[in-house]
Amino acid sequence: MRQLYKSIFQSIKNRILLIFFGCVVIPSIIFIGIFIHSYSNYILESTISEQRNVLREINKSINQYFTGYKDTSMNIYYNSSIISYLNGADYQTKSDYIGTFLSGIVNSEKYIAAAVMQVGDNMYQAGYQYLELEDWLEKARPEILSRKGRVVWFPTEQFKCSYGQKPYQFVMARAVNSPEETIGVLLFFVSADLFGDCFNNPAFQKKDTVFYLISDDGQVVAGSKEESVASTIDTPLFRQVLDTGEGNFVYEDKESREKSIVVCEKSDVSGWTLMTVTGEKEAYSQLHTIWRMAGIIGCLYMGFMLLAYYILSVYVFRPVKRLGKGMKSVSAGEFRHIEEEKEGKGQDEISHVIHRYNEMVDQIGRLMEEIRREEEAKNTERLKVLSMQISPHFVYNTLNTIKWMAAANRQENICRMIESLIKMMVSVTYHTNEEVTVREELELLECYVYIQKMRFMNFEVEIEVPEELLDLKVNKLVLQPFVENCILYAFKDKEELGIIRIGAEKTQNALEIRVEDNGCGFEPDKIKPSSIDNSRNDHVGIGNVSERIRLNYGEDYGVHIESSLGAGTTVYIRLPLLK
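Residue numbers (the numbering used here): 568 to 1146.
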């Protein structure tokens, strides 16, 4: 857990992103969530309130019609001619006044399609002529009579009339009473078009809103779905509406899992329930728009975060990363510049830090160069002091005289030996360049080998260096100390001929020279170039070579020795590629 914490919070980039995410994105998400939740409640309450207000207005309009029909039906008791007929006991004789009265009602009321009154055995009818009126009246009579003169409302039905007409009508009925008993019934057949005109409200024109007017037994009196009118619907939704009476609730269909907002209002006149069912999707359509806007805002947030990440990467993270790499390279001994921004850019604090860093690297490089030059000067002075101990010119002339004397006496070996010695002394004393080509170094080595062969005759030297490497530069006398050790120690007490092989190759942008012998070998821990004691004369040459390479070219270059007892020794000298 601690490692995970470090990996996340150690990076400045991750810290900035987490701060932005925690201080901007998360609060925005919480705010949008709270806003959408509050707005959802507001939509639900406003939808219920709107539907309830509409239902009350429609219910009020329907009740006005129904109350008017009730009052109209009571006019039979205010008509003196009809009252005298009803109070009389002779109902076998037909009354001319009742037929005229019913015709007047049908003609004066817009939605009353027919009026029927039965007194005794006489049936009075105005408006539509119904083919199955007797059968319908037979079924409805018990309920009408049980109300004892109070109005009974029968839900919408499709009646069969003369001339093939099949109108949808509902019925208002009440019993007709004389002072002594119930003597008949009065029926008003009202067209269902009345509901169509009452429901002509913009609130019912919504795509996902349906409305119903249902009776107490679940029969649809009127509705936006014409195919359901005059049918009895027994569903959990209708049962819950009838149980609720007045109020509202959210209904969820168990099969489709869709939710609906239901508002219902019960009529005090007819006892029927007016209800609206609004799909939640339709009600929350504005909320869906807000969701889409929230999605767009979220995408914009992501776009802004990516843009901010890019800007921070270009102007903050990358420069800081380059600065970190530069410091790491300095700690590794490589003094390299950090690339600065182009002209016209990079005027911020990080660019100034990078500029100061480059100045610091230059200054450190200059100081190190000065130290190296001072060391070179000191070494040169040491060589001068040694050279001043004897006159190299005098020695050179003397050796040259001996050479000519040996040549005059036909002593070829002595002549060549002195000539080799002269070349080596000239290279050391007169040629003060620290670096020579590989070709020149091999020529000096051949001179040294020839001199040693006059003393030791138990070895041979094989040189295999590619032609393209002969012009590369190396330190002067870099090979001689290792060949000398081979001659003096590797072949000591060795009966067979010793072989010294010298090779060179390019490896990983470096020149690697290999000095290999088949001598007796030794334990590598006894001689390490980095820990050689220069106070010992037998190892001073190896120590000098290793130290010269390190001082001149750095820690990546130097000498590596591999050896084992009885298996020979291999020396690897790693140098930079210098032309």
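Note that beta-carbon positions come from the ideal geometry of N, C-alpha and C, so glycine has one too.
Inter-residue spacing [alpha-carbon to alpha-carbon] between residue i and residue j
i: Glu1072; j: Met872; result: 53 angstroms
i: Pro886; j: Arg903; result: 15 angstroms
i: Tyr1120; j: Lys892; result: 22 angstroms
i: Asp663; j: Asn767; result: 40 angstroms
i: Asn654; j: Leu841; result: 40 angstroms
i: Val752; j: Phe668; result: 15 angstroms
i: Leu1171; j: Arg1022; result: Because the chain is modelled from 568 through 1146, residue 1171 falls outside the range shown and cannot be assessed.
i: Glu1063; j: Val1003; result: 34 angstroms
i: Glu537; j: Ser1130; result: Outside the displayed range of the chain (568 to 1146) lies residue 537, so it cannot be described from this structure.
i: Phe598; j: Val592; result: 10 angstroms
i: Asp760; j: Thr845; result: 23 angstroms
i: Ile1018; j: Arg923; result: 57 angstroms
i: Glu701; j: Met690; result: 10 angstroms
i: Lys1061; j: Glu1027; result: 13 angstroms
i: Thr660; j: Ser651; result: 13 angstroms
i: Glu832; j: Tyr644; result: 33 angstroms
i: Pro803; j: Lys821; result: 10 angstroms
i: Asn620; j: Val788; result: 21 angstroms
i: Val673; j: Glu710; result: 24 angstroms
i: Ile750; j: Asn646; result: 17 angstroms
i: Tyr658; j: Pro746; result: 14 angstroms
i: Asp1147; j: Asp1038; result: In the structure displayed, the chain extends from 568 to 1146; residue 1147 sits before or after that span and is not available.
i: Ile625; j: Ser837; result: 14 angstroms
i: Ala1144; j: Val920; result: The residue you asked about is not Ala; residue 1144 is Leu in the sequence shown. So the alpha carbons of these two residues sit roughly 34 angstroms apart.
i: Ser823; j: Ser607; result: 22 angstroms
i: Tyr876; j: Leu867; result: 14 angstroms
i: Gln696; j: Glu612; result: 49 angstroms
Own chain residues within Cβ distance below 6 angstroms of residue i, not counting five before or after
i: Phe1049; result: Val1082 and Val1138
i: Phe755; result: Tyr636, Ile679, Ala682 and Met739
i: Gln692; result: Val683
i: Glu676; result: none
i: Glu1031; result: Gly1070
i: Ile1080; result: Ala1071 and Ile1140
i: Glu910; result: Residue placement at Glu910 is poorly supported in this model, since its pLDDT is 40, which falls under 50; the coordinates still yield a value, given next. Within the same chain, Glu910 has no close Cβ partners at all.
Exposed unless 16 or more other CB atoms sit within 10 angstroms - verdict on residue i
i: Met684; result: buried
i: Asn1101; result: The pLDDT assigned to Asn1101 is 48, lower than 50, so where the model puts this residue is not dependable; a value taken from the coordinates is nonetheless given after this. Asn1101 is exposed by the Cβ-count criterion.
i: Gly731; result: exposed
i: Asp835; result: exposed
i: Met984; result: buried
i: Gly1135; result: buried
i: Phe588; result: exposed
i: Lys895; result: exposed
i: Ala1057; result: buried
i: Arg987; result: Note that residue 987 is Ser in the sequence shown, not Arg. Its Cβ being crowded by 16 or more others within 10 Å, Ser987 is buried.
i: Trp839; result: buried
i: Leu1078; result: buried
i: Ser898; result: exposed
i: Val817; result: exposed
i: Leu585; result: exposed
i: Arg582; result: exposed
i: Tyr609; result: exposed
i: Gln618; result: buried
CB contact flag (residue i, residue j, <9 angstroms)
i: Glu699; j: Phe721; result: no
i: Ser605; j: Ile864; result: no
i: Gly1088; j: Gly1125; result: no
i: Val796; j: Tyr735; result: yes
i: Glu847; j: Ile828; result: yes
i: Leu1046; j: Ile1069; result: yes
i: Arg717; j: Arg741; result: yes
i: Asn1085; j: Gly1065; result: yes
i: Val1016; j: Val1041; result: no
i: Phe805; j: Gly785; result: yes
i: Leu780; j: Ile629; result: yes
i: Gly814; j: Val830; result: yes
i: Thr723; j: Val777; result: no
i: Val719; j: Tyr632; result: no
i: Arg939; j: Leu1118; result: yes
Residue i CB to nearest heavy atom of the ligand COA below 8 angstroms
i: Cys831; result: Only the bare structure without any ligand can be found here, which leaves the ligand COA out of the picture.
Same chain, Cβ closer than 8 angstroms to residue i, neighbours up to 5 away in sequence not counted
i: Val881; result: none
i: Ser648; result: Ser662 and Tyr664
i: Ile917; result: Tyr882, Val883, Pro886, Val887 and Leu890
i: Gly900; result: Gly1121 and Glu1122
Any chain C beta carbon closer than 9 angstroms to residue i
i: Asn815; result: Judged by its chain identifiers, the structure shown contains no chain C, having just a single protein chain.
Checklist entry - Unbroken beta strand (DSSP E) runs of length 3 or more, entirely within the stretch 655-739: which are they? => result With a minimum length of 3 residues, the continuous beta strand (DSSP E) runs that stay inside the stretch 655-739 are 679-686, 689-694 and 719-725.
Item to check | Any beta strand (DSSP E) of 3 or more consecutive residues that is wholly inside the stretch 798-876 | outcome: Runs found: 814-819, 826-833 and 840-846.
Checklist entry - Taking only runs of the alpha helix (DSSP H) that begin and end inside the stretch 1104-1136, which ones reach a length of at least 4 residues, in chain order? => result Counting whole runs of 4 or more residues, the stretch 1104-1136 contains the alpha helix (DSSP H) stretches 1107-1120.
Item to check | Every unbroken alpha helix (DSSP H) within the stretch 1018-1080, with a cutoff of 4 residues, ordered by chain | outcome: List check, alpha helix (DSSP H) in window: 1047-1052.
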